[in-house]
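Here the sequence shown stands for residues 29 to 417, where the numbers follow the numbering used here.
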Amino acid sequence: MDEQQLREYLQKLAEDKVTEAERALFREWAAKCSPEDYERMLEAWEASLNTQRDLAPVSNQLLERIAASLDEADGKIKTLQPEQNSRRIWQRIAVAASVLVVLGLGYYALLSNRTPKGSNMVAVDVKPGTGAAILKTGGGRHIVLDSASKGLIASDAGNNINKSADQQLTYSSSAQQAEPVYDTIQVPAGGKPYTLILGDGSRIMLNAATTLRFAENMSDRSRPPLELIAGEIYAEIRHHADAPLTINTAKQVIEDLGTSFNVSAYPDEENSTTLEEGSVRVNDKLLVPGKAAVSAGSTTTIREADVEQILAWTKGYFRFNGEDIQTIMRQLARWYNIEVVYEGKVTTEGFYGKISRSKNISEVLKMLEKTKSVHFKIEGRRVTVSSKS
C-alpha cells in the first residue's frame, strides 16, 4: 500500500465506505510494513498537509473505525515493534484521519465545516494575547513591558535591560557583582509569550500565566539559580561546565548539562520537564532527548514524551494528542484568561488535532464542538462546558 492508497483508504474509512477487500489489504500492509517505513510515510504525508489547513479534533467514533481496521494485524505489529511505537503510530493515523476529514476529502458529518446545528454559543469573542507582561526589577521598578519603547528600559549598578524586540528583553552586565540582583517577570493569563536573553546568552521563553525569578547579573562565571514560581518556559541554555545552570520549581530541581528543554509547573497540574536536545538532570534523574521527568507529590518518573506536542505553544498553536476536554480547557483558560465552568457530566474521550493560538476563542470552541460530544456557552469571560444533548 503506497501513500496514495493509504489516503484513499482513510478517506473511505471516514465515509464508512471501506470494503472487506480493502480492509484486508490495509491489515496486510500494516503487518508487513517496517516501523521506519510506516513512520516515514505518515510523517511525509502529515507534513505535506499541515501547511494547508488547521487540523480539527477527531472523535473516538472515527478512531474506533481505524482501530478496528488494525485489530487483526495488531498482534503482528506488536511483535515487530515496541508497544510504545505501535501506540505512537496509531496516534499518527488518527491525526492523519483528522487532516483528511477537515480538508473535505470525506463528507463525514462529525467534522463538517458548518457551525454545529443547534449551537447557541454566544458570539462574543475573547481575543488571545491581551494581557501585558510586567517586569519587577531588583531596584524596585515595576515596568509594564507592552508600554515600554524599544531600547534601554532600565539600568542598575551596571546591569542593563534592553527591550530588543517586541516580546523580548536582553540583559547585559558591565560590572562584576558579589551578590546577585534578582528580577521577576510575570506574563499573566491571556498574555503573549515573552522571551528573555539572559546575561550568559541563554534564551528563556515564557508562556501565558507564568512567573519567573532570575538574576540580572548572569554571566559565564556566575549563574545563580532561576526560580519558575508558576507556569511554563522553554529554555535554550548555554552550557558552561564550570557553572551549570539550575532551575527550581515547586517539585523539581533541574540542572542543565547543555540543552534545550521545556518546563511546566502550573499549580493545577503535575510538574514536568521535557528534553528536546542535549542532556539535563531532574531531581537527580538523567534525561535523554524525547523523555520527560514528571513529578507528582514527592515522586518523579521518566516517561516517553511527544516533544512536538509539548513545544507546540512555542510555535503558535495548540496540539492535542488524546487529551480530555478538561485538560484542553485548562490550556485555553490560561491562554485566553477565561473562567471555565462545567455543567453536568462531560465527555472523557480524547481529542486530536492542531489549532492556531491566534484564533479568537469562539473559533477554537466551534472546532471542538464539531465532535458532537461537547457544547460551549460564552458569557463574557466565562465559558460553560456541557455534554451535547
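Each residue gets a CB set at the ideal place from its N, CA and C atoms; glycine is no exception.
As the structure is a computational prediction, the values presented were derived from the model and not from experiment.
- Counted as a single uninterrupted DSSP element, the alpha helix (DSSP H) harbouring Arg358 occupies residues Ile353 to Tyr364.
- Relative to the Cα of Asn388, the nearest Cα in the group Val154, Lys45, Arg55 and Thr328 belongs to Val154.
- Between Glu298 and Ala324, the gap from beta carbon to beta carbon is short of 8 Å.
- Counting every other CB atom within 10 Å of its CB across the protein chains shown gives Thr355 a total below 16, marking it as exposed.
- Ranked by how close their Cα comes to the Cα of Gly350, the residues Gln337, Lys279, Glu50 and Thr165 have Gln337 in first place.
- Counting C-beta pairs with one atom in each stretch, the segment 234 to 247 and the segment 280 to 289 have fewer than three that are closer than 8 Å, which means they do not touch.
- An exposed status is given to Gly179, since fewer than 16 other beta-carbon atoms sit within 10 Å of its beta-carbon.
- Residue burial is scored here from C-beta neighbours: Arg331 has fewer than 16 other C-beta atoms within 10 angstroms and is therefore classed as exposed.
- With 16 or more other CB atoms across the displayed protein chains lying within 10 angstroms of its CB, Pro221 is buried.
- The residue among Gly306, Asp270 and Asn276 with its C-alpha nearest the C-alpha of Glu255 is Asn276.
- For the 8 Å CB-CB criterion, Ala243 and Pro208 form a contact.
- Contact between Thr328 and Ala321 holds: their C-beta atoms lie close to 6 Å from each other, under 8 Å.
- Shown here for Asn190: same chain residues with a beta carbon closer than 6 Å to its own, the five before and five after excluded, namely Leu180 and Thr198 in chain order.
- Residue environment for Arg251: buried (at least 16 other C-beta atoms within 10 angstroms of its C-beta).
- Counting along the chain, Ser390 sits inside no beta strand (DSSP E); it lies in the alpha helix (DSSP H) bounded by residues Ile389 to Glu397.
- Under the DSSP assignment, Glu283 falls outside any alpha helix (DSSP H), being part of the beta strand (DSSP E) whose first and last residues are Val281 to Ala293.
- Cβ-Cβ distances below 7 Å link Ser288 to Ala263, Glu264, Glu304, Glu305 and Gly306 in the same chain, with the five nearest sequence neighbours on each side left out; the list follows chain order.
- With a cutoff of 8 Å on beta-carbon distance, Leu285 and Val310 are scored as not near each other.
- Nearest C-alpha to Ala271 among Arg249, Gly229, Gly259 and Ser183: Arg249.
- Gly259 and Gly378 have their C-alpha atoms spaced approximately 24 Å apart.
- Residue burial annotation: Ser202 is exposed, with fewer than 16 other C-beta atoms found within 10 angstroms of its C-beta.
- Going by DSSP, Glu264 is part of the beta strand (DSSP E) stretching over Leu254 to Ile265.
- Contact annotation, Glu367 with Val413: C-beta distance approximately 11 Å; criterion of less than 8 Å not satisfied.
- Straight-line spacing of the CA atoms in Asn245 and Gly227 works out to 6 Å.
- Ala185 carries a coil assignment under DSSP once its states are collapsed to helix, strand and coil.
- In the DSSP assignment, Val335 falls within the alpha helix (DSSP H) that extends over Val335 to Ile338.
- Between Leu163 and Asp211, the C-beta gap is smaller than 8 Å, which places the two residues in contact.
- Here DSSP, grouped into helix, strand and coil, assigns Arg55 to helix.
- Annotation: the continuous beta strand (DSSP E) that includes Gln214 extends over Tyr210 to Val215.
- Counting along the chain, His403 sits inside the beta strand (DSSP E) bounded by residues Val402 to Glu407.
- Considering only Gly408, Asn290, Thr342 and Tyr294, the residue with the shortest C-alpha distance to Pro317 is Asn290.
- DSSP, read as helix, strand or coil, puts Glu367 in strand.
- The beta-carbon distance between Ala182 and Ile171, rounded to whole angstroms, is 7 Å. This is short enough to meet the 8 Å contact definition.
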